[in-house]
Amino acid sequence: MVASKDVDRRNFFVRGTHVLGAFIGAALGIPALIYMLKPPRSIAPGGWVDAVDLNTLKPRIPEEVSFRRIRKDGWKLITERSTAWVVKLSDKEVVAFTPQCTHLGCAYHFEESKGEFLCPCHTSNFSIEGAVLNGPAPRPLDRYPVKVEGSRLLIGTIEAAKADGGKRGA
Amino acid sequence: MIRAVLDWIEDRTGLVSTVAHFLDEDIPASSGWQQVFGSVAVFLFMTQAFTGILLGLNYGPTPGEAYNSLRFIMSELTGGALIRGLHHWGASLMVVVVVLHMIQVFVWGAYKKPREATWMVGVVLFLFTMAFALTGYLLPWDNRAYWGTVVTTQIAGGVPVMGPYVVRLMGAEGGVGVVTFARFYAAHVLILPALTALLIVFHIYLVRRHGAAPVPGDELVPRKKFYPVQVFKDTAAISGMFALLFGLAVMAKAPLGRLADPTDTAFIPRPEWYFQFLFQLLKYCEGPLEVFATVVLPGLTVGALFLVPFIDRGPMVKVTKRTVAFASVALCALVWGGLTAAAIVETPEAAAIAEREGPMDWVELTPEELAGVGYFKQEQCGSCHTLGLAQEDKPGPNLGSGGVSRNAAWMIAHFKQPAQMIPGSQMPTVALKGKELNALAAFLLKLTPQNAAKMQEIPAYATEGALVYQRNQCSICHKANGAGADAGPPLNGLAKRRKADWVMAHFLNPQKYDPDSTMPSYKFSAKENTAITTYLMALP
Chain A
-18 MVASKDVDRR NFFVRGTHVL GAFIGAALGI PALIYMLKPP RSIAPGGWVD AVDLNTLKPR
42 IPEEVSFRRI RKDGWKLITE RSTAWVVKLS DKEVVAFTPQ CTHLGCAYHF EESKGEFLCP
102 CHTSNFSIEG AVLNGPAPRP LDRYPVKVEG SRLLIGTIEA AKADGGKRGA
Chain B
107 MIRAVLDWIE DRTGLVSTVA HFLDEDIPAS SGWQQVFGSV AVFLFMTQAF TGILLGLNYG
167 PTPGEAYNSL RFIMSELTGG ALIRGLHHWG ASLMVVVVVL HMIQVFVWGA YKKPREATWM
227 VGVVLFLFTM AFALTGYLLP WDNRAYWGTV VTTQIAGGVP VMGPYVVRLM GAEGGVGVVT
287 FARFYAAHVL ILPALTALLI VFHIYLVRRH GAAPVPGDEL VPRKKFYPVQ VFKDTAAISG
347 MFALLFGLAV MAKAPLGRLA DPTDTAFIPR PEWYFQFLFQ LLKYCEGPLE VFATVVLPGL
407 TVGALFLVPF IDRGPMVKVT KRTVAFASVA LCALVWGGLT AAAIVETPEA AAIAEREGPM
467 DWVELTPEEL AGVGYFKQEQ CGSCHTLGLA QEDKPGPNLG SGGVSRNAAW MIAHFKQPAQ
527 MIPGSQMPTV ALKGKELNAL AAFLLKLTPQ NAAKMQEIPA YATEGALVYQ RNQCSICHKA
587 NGAGADAGPP LNGLAKRRKA DWVMAHFLNP QKYDPDSTMP SYKFSAKENT AITTYLMALP
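Protein sequences appear in the order of chains A and B. All letters in the first sequence, in the order written, are residues -18 to 151 by the working numbering. All letters in the second sequence, in the order written, are residues 107 to 646 by the working numbering.
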């Protein structure tokens, strides 16, 4: 009897140590995981950026346009130069592609002789509509949201372009 | 299955038996709750390391960046405020627990032969704890951090002979700046953690080598095992301390003041509470006595602590018979407590700065000041700055808090190049020119905690009207609310003399109403004309 009482006592201390230790581990570990994995609450500055005058574009000839935009980089608001490949497909349709290949993010260029976009990294080819013609690119070129005001082309955020592109790729 | 894995680990590494050997330690029968502090201190050290690493994942360790990234951690990352809180309050509790641990060992006389080295290593660990606190204090790079460190480096610089070298070592020769920050950061995250971890291991090794100190009478009773009862007591004490720490972190937000501002003359620097006694002592030790508070007393205290095992060489006695030890602790506590209390009582109120005066009603503002309101809105200053008594968590300082009294010249220089006046400021350059900047500064000089809320409710016609008034430099000829020249008729009381239609038509062609008028005609748009006329008609 005495021995079993001692065992009970011993078990109580062992289990107590484990339970308390688990509580502390959870109270530190769970917030730490959330802190590392959850994206920041910051509001992306975003908005529309005036990129180019549509009258300067030739029909169905891609043009690399550059513009300045404000982006939230961690705790900093930075102003950076961005580019887009803008194509006036018809009088009614204008598209603006993000400047990265959808394969591994290399910068691609327009091969005028072929009338296609070519990525130098793994030779993915895209049509001027952005469709994959050739190579390992998994989905068509990502498109910025665009808006026309008068003769000006306004370009939306790169986040919106990526989110949209991801959907089309899936 | 588990058995097999453990057997494999044991066979290849010996870890299982090592842990078992560690837990199976014999401890004196008198061991109990009084011996938990060492374990709690080790636990807090590990928690500080953990939360410190987490902070480090989102922290830009240079002045300016440091502040902005910490603000980002606290306001934009989920759990960020909690983790900063744990690290901040953990530092305070660490000091408390280390001191309690020392007091316990001192009162029980556990430093006596053969445990002198254990005690001395412990004293070094205590000094490391204080060094952690001192270096960590600068890292938020807010006013509190900056000015607290300015005072610290000045005190160090006042030390005879060694002073200048200590200041150079701190990287503070030319004042507290980037080098100081780098040195403090490196000490806090590279040097001190490594040395402390090594010394803790050495300290625990020494404790194991000599065993926990027995008291007279222990030799008559069988010894106990460390595991599981004492381990449980240690864990329970750790849990209690952790609950306290977690509660503090959740309920008392760790402070993050305004970005460090070397030109701020209103800020009252205060060290962390455990250093306040030294700060206070310096008030009593003026001139040649200063060296007493900066060198002699701390030096003697640390020296005495080191030598405690050699000063008291008597045999172990029951703790109840250690009157002298109790008396020394009580005396130290009394001196420390008295000085700390005096320091807290003497801390001046932060708001004891002469406050600006400003009108409660916008109609009393001059057109220039009112135009300043317009520029304030136009530049969207309010998206980063709070105006009233409200305490919103915006990145910029509260402009209506009244505590900051800047003159117009400072403000205008700051508008043109924000970071020039406050290093690390993220404020964008204000895109206004000469007179417009004057107007903005003029308005801010009239802003008080009392009128700030009212100033945000000014009707749009008033600010727009004032902007038109200001752009067209009406004050060159006219006086309104006491500002401007007397060449033309004063504009106060205009509503009593003229109708709005008349005023609007008069702007477009003054000579139509008075052929001798020297007032030029103003080709206002309908919108501008309505704004300025409505504004002028509202003047008392």
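For every residue, glycine included, the Cβ atom is placed at its ideal position computed from N, Cα and C. Computed from a predicted structure; not experimentally measured.
For a quick check, are the C-beta atoms of I11 (chain A) and V68 (chain A) less than 8 Å apart?
Position 30 of the first sequence, counting from 1, holds the residue named residue 11 (chain A). Position 87 of the first sequence, counting from 1, holds the residue named residue 68 (chain A). Contact flag unset, no.
Run through chain A and tell me which residues come within less than 7 Å of V335 (chain B), C-beta to C-beta.
Counting from one through the second sequence, the residue named residue 335 (chain B) turns up at place 229. In chain order: F(-6).
Mapping DSSP to helix, strand and coil, what is R49 (chain A)?
If you number the first sequence from 1, residue 49 (chain A) lands on position 68. Three-state result, R49 (chain A): strand.
Give the C-beta separation of E58 (chain B) and N587 (chain B) to the nearest angstrom, bearing in mind that I take them to be a contact with Cβ-Cβ under 8 Å.
As shown, chain B starts at 107 and ends at 646. That puts residue 58 (chain B) outside it, with no answer to give.
What does DSSP give as the partner residues of T60 (chain A) in its beta bridges?
As a working mapping, residue 60 (chain A) is identified with position 79 in the first sequence. For T60 (chain A), which the question treats as bridged, DSSP gives the partners A:I51.
Look at the alpha carbon of I136 (chain A) and the alpha carbon of R120 (chain A), and state the distance between them as a whole number of angstroms.
Counting from one through the first sequence, the residue named residue 136 (chain A) turns up at place 155. Counting from one through the first sequence, the residue named residue 120 (chain A) turns up at place 139. Taking the straight line from one Cα to the other gives about 21 Å.
Could you compute how far the alpha carbon of I459 (chain B) sits from the alpha carbon of T554 (chain B)?
Residue numbering aside, residue 459 (chain B) sits at position 353 when the second sequence is read from its first letter. Residue numbering aside, residue 554 (chain B) sits at position 448 when the second sequence is read from its first letter. Note on I459 (chain B): pLDDT 49, under 50, position unreliable in the model; no value is reported.
Would you give the residue range spanned by the alpha helix (DSSP H) that E470 (chain B) belongs to?
Numbered from 1 along the second sequence, position 364 holds the residue referred to as residue 470 (chain B). Looking at the DSSP string, E470 (chain B) is not in any alpha helix (DSSP H), and its letter there is neither H nor E.
Put V265 (chain B) into one of helix, strand or coil per three-state DSSP.
Taking the second sequence and counting its residues from 1, the one referred to as residue 265 (chain B) is at position 159. The answer is coil: DSSP assigns V265 (chain B) none of H, G, I, E or B.
Would you mind telling me which residues of chain A sit closer than 8 Å to L160 (chain B), beta carbon to beta carbon, in chain order?
Your numbering for residue 160 (chain B) matches position 54 in the second sequence. Around L160 (chain B), the beta-carbon contacts reaching into chain A at under 8 Å are A13, Y16 and M17.
Can you find a C-beta in chain B that's less than 8 Å from the C-beta of R62 (chain A)?
On the first sequence, position 81 is the one that residue 62 (chain A) refers to. It does not; no Cβ of chain B falls within 8 Å.
Examine chain A for any beta-carbon lying closer than 8 Å to the beta-carbon of R177 (chain B), and answer yes or no.
Residue mapping note: residue 177 (chain B) aligns to position 71 of the second sequence, counting from 1. Taking Cβ atoms only, chain A reaches closer than 8 Å to R177 (chain B), which makes this a yes.
Do you know offhand how far E279 (chain B)'s Cα is from I189 (chain B)'s?
What you label residue 279 (chain B) is simply residue 173 of the second sequence in a count that begins at 1. What you label residue 189 (chain B) is simply residue 83 of the second sequence in a count that begins at 1. E279 (chain B) and I189 (chain B) have their alpha carbons spaced roughly 33 Å apart.
Under 8 Å, Cβ to Cβ, is there at least one residue of chain B near R(-9) (chain A)?
Along the first sequence, read from residue 1 onward, the residue named residue -9 (chain A) stands at position 10. So, interface residue.
Relative to the alpha-carbon of A349 (chain B), which residue among A:N(-8), A:D(-13) and A:A8 has its alpha-carbon at the smallest distance?
To locate residue 349 (chain B), count along the second sequence from 1; it is residue 243. Looking at the Cα atoms, A:A8 is the closest of the given residues.
Would you call D593 (chain B) buried or exposed, if buried means 16 or more other Cβ atoms sit within 10 Å of its Cβ?
Within the second sequence, residue 593 (chain B) is the residue found at index 487, counting from 1. In the sequence as presented, Asp is not what sits at residue 593 (chain B); that position holds Ala. With fewer than 16 Cβ atoms within 10 Å of its Cβ, A593 (chain B) is classed as exposed.
So is P21 (chain A) in contact with chain B if we call contact Cβ pairs under 8 Å?
Taking the first residue of the first sequence as 1, we reach residue 21 (chain A) at position 40. Interface residue, yes.
Which runs of the beta strand (DSSP E), 3 residues or longer, sit entirely within the segment 562 to 611 of chain B?
Segments of the beta strand (DSSP E) lying fully in the segment 562 to 611 of chain B: there are none.
Is the CB of A172 (chain B) under 8 Å away from at least one CB in chain A?
As a working mapping, residue 172 (chain B) is identified with position 66 in the second sequence. Cβ-Cβ to chain A under 8 Å: no for A172 (chain B).
If I follow the unbroken beta strand (DSSP E) through I136 (chain A), where does it start and stop?
Here residue 136 (chain A) corresponds to residue number 155 of the first sequence, with the count starting at 1. Per DSSP, I136 (chain A) belongs to the beta strand (DSSP E) from R133 to I136.
Can you give me the Cβ contacts of F(-6) (chain A) inside the same chain, cut-off strictly under 6 Å, excluding the 5 residues immediately before and after it?
Position 13 of the first sequence holds residue -6 (chain A). Cβ neighbours of F(-6) (chain A) beyond the five flanking positions: none.
Distance check for G409 (chain B) and D418 (chain B), CA to CA, integer angstroms please.
Along the second sequence, one-based indexing puts residue 418 (chain B) at 312. Along the second sequence, one-based indexing puts residue 409 (chain B) at 303. Looking at the backbone, the Cα of D418 (chain B) and that of G409 (chain B) are separated by about 14 Å.
Name, please, each residue of chain A whose Cβ falls closer than 8 Å to the Cβ of T341 (chain B).
By 1-based counting over the second sequence, the position of residue 341 (chain B) is 235. Under the 8 Å cutoff, chain A gives G(-3), T(-2), L1 and G2.
What does G185 (chain B) touch in chain A if you count any residue whose Cβ is under 8 Å from its own?
Counting from one through the second sequence, the residue named residue 185 (chain B) turns up at place 79. Here the neighbours are P12, A13, I15, Y16 and K19.
What are the boundary residues of the alpha helix (DSSP H) that includes D117 (chain B)?
For the purposes of this step, residue 117 (chain B) is taken as residue 11 along the second sequence, with counting starting at 1. Its alpha helix (DSSP H) spans residues I108 to T119.
Can you give the beta carbon distance from Y165 (chain B) to D248 (chain B), rounded, assuming they're within the 8 Å contact cut?
Stepping through the second sequence from its first residue, residue 165 (chain B) is reached at position 59. Stepping through the second sequence from its first residue, residue 248 (chain B) is reached at position 142. Y165 (chain B) to D248 (chain B), Cβ: 14 Å. No contact.
Between which two residues does the alpha helix (DSSP H) holding K389 (chain B) run?
In the second sequence, the residue the question calls residue 389 (chain B) occupies position 283. Looking at the DSSP string, the run of the alpha helix (DSSP H) that includes K389 (chain B) is Q382 to Y390.
Under the criterion of a Cβ to heavy atom distance below 7 Å, does S123 (chain B) qualify as lining the ligand NAD?
Annotation note on the ligand NAD: not contained in the displayed structure, which lists no ligands.
The alpha helix (DSSP H) with H316 (chain B) in it runs from where to where?
Numbered from its first residue, the second sequence carries residue 316 (chain B) at position 210. Unbroken alpha helix (DSSP H) run through H316 (chain B): L298 to H316.
Report yes if the CB atom of L406 (chain B) is closer than 8 Å to the CB atom of T302 (chain B), and no otherwise.
Stepping through the second sequence from its first residue, residue 406 (chain B) is reached at position 300. Stepping through the second sequence from its first residue, residue 302 (chain B) is reached at position 196. Their beta carbons are not under 8 Å apart, which means L406 (chain B) does not touch T302 (chain B) by this criterion.
With distances taken Cα to Cα, identify the nearest neighbour of P368 (chain B) among B:H612, B:Q140 and B:G530.
Stepping through the second sequence from its first residue, residue 368 (chain B) is reached at position 262. Taking only the C-alpha atoms, the option nearest P368 (chain B) is B:G530.
Counting pairs of Cβ atoms below 8 Å between the segment 380 to 394 of chain B and the segment 438 to 450 of chain B, do you hit three or more?
Three or more beta-carbon pairs drawn from the segment 380 to 394 of chain B and the segment 438 to 450 of chain B are found closer than 8 Å, and the two stretches are therefore classed as touching.
What's the gap between the Cα of I89 (chain A) and the Cα of K143 (chain A)?
Locating residue 89 (chain A) in the first sequence gives position 108, where the first residue counts as 1. Locating residue 143 (chain A) in the first sequence gives position 162, where the first residue counts as 1. The sequence given here places Tyr at residue 89 (chain A); Ile does not occur at that position. About 16 Å.
Quick test of your reading: L413 (chain B) and L403 (chain B), contact by CB under 8 Å. State the CB separation rounded to the nearest angstrom.
On the second sequence, position 307 is the one that residue 413 (chain B) refers to. On the second sequence, position 297 is the one that residue 403 (chain B) refers to. Contact flag wrong, Cβ pair sits at about 16 Å.
Taking only three categories from DSSP, how would you classify W66 (chain A)?
The residue you call residue 66 (chain A) lines up with position 85 of the first sequence. Looking at W66 (chain A) - three-state DSSP - the assignment turns out to be strand.
So with Cβ pairs under 8 Å, would you call L163 (chain B) a contact of chain A?
Within the second sequence, the letter at position 57 stands for residue 163 (chain B). True, the Cβ-Cβ gap to chain A drops below 8 Å.
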